[in-house]
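Structure first, commentary second.
Numbering (the numbering used here), first residue to last: 5 to 195.
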């Protein structure tokens, strides 16, 4: 899913992607073929599929201040909705998180980790879609899958190995939000 308009996501602030040169490669000193997390410490640009209603436009239901936790490399330690390492997404059908890799990169996979806690209504998303782009305007869908997990009071570590390695400056991850989706970490792998 790609939002028709960026206005819906204004709850999360200005989500305008920077204009970039697709030939902006990593400086020679930083180039290597070691696979790593390309978004470590980078905040996402977020779009909400529907407008977030007034009652849910709070840090408790839809995190804004906690967004840096998504890429800080620290995982939640307790399988409960109250763990402070979790970023909250509630209602509004789905979220699209876009990450600027900083330079054109070779992207080969994505990892997301979600809480499943039935007693509080926190569930992993039912669908996850991944897109890549060289310029932030033209997008290629590289993964689209249903998602399910058994058990409760557990974390689901969803590792997505892409069929190919893709040249990209931006990676966009869309996931559904049926009620509450709580995520503690997202990583994008590549060189």
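For each residue, glycine too, the CB sits at the ideal point set by N, CA and C.
Counting only unbroken stretches of 4 or more residues, no alpha helix (DSSP H) element lies wholly within the region 123-184. By a beta-carbon distance limit of 8 Å, residue 83 contacts residue 158. Their separation comes to about 6 Å.
Excluding five sequence positions before and after residue 114, the CB atoms of its chain that fall closer than 6 Å to its own CB belong to 134, 164 and 192, given in chain order. Just so you know, the alpha carbons of residue 125 and residue 166 end up roughly 30 Å apart. Just measuring C-alpha positions, the residue of 105, 97 and 64 sitting nearest residue 85 is 64.
For residue 162, same chain residues with a beta-carbon under 6 Å away, outside a window of 5 residues either side, are 116 in chain order. For residue 121, the closest alpha carbon among the candidates 182, 186 and 109 is that of 186.
Looking at 42, 20, 21 and 101, the one whose alpha-carbon comes closest to that of residue 30 is 42.
When the five nearest sequence neighbours on each side are left out, the beta carbons in the same chain lying within less than 7 Å of the beta carbon of residue 151 are those of 128, 129, 130, 131, 132 and 162, in order along the chain.
Under the three-state reduction of DSSP, residue 80 is assigned to coil, being neither helix nor strand. Taken through DSSP and simplified to helix, strand or coil, residue 85 comes out as coil. For residue 110, the secondary structure class from DSSP, reduced to helix, strand or coil, is strand. The shortest C-alpha to C-alpha distance from residue 189 to any of 195, 183, 182 and 177 is the one to 177. For residue 94, the enclosing beta strand (DSSP E) stretches over residues 91-94. Residue 94 is positioned such that its CB atom lies no closer than 8 Å to that of residue 174. In the assembly as shown, residue 44 is an exposed residue. Its beta-carbon has fewer than 16 other beta-carbons within 10 Å. Using a Cβ distance threshold of 8 Å, residue 88 and residue 47 do not count as a contacting pair.
Shown here for residue 38: same chain residues with a beta carbon closer than 8 Å to its own, the five before and five after excluded, namely 195 in chain order. For residue 43, there is no enclosing beta strand (DSSP E), as DSSP marks it with neither H nor E. Between residue 49 and the set 22, 36, 112 and 33, the nearest pair of CA atoms involves 22.
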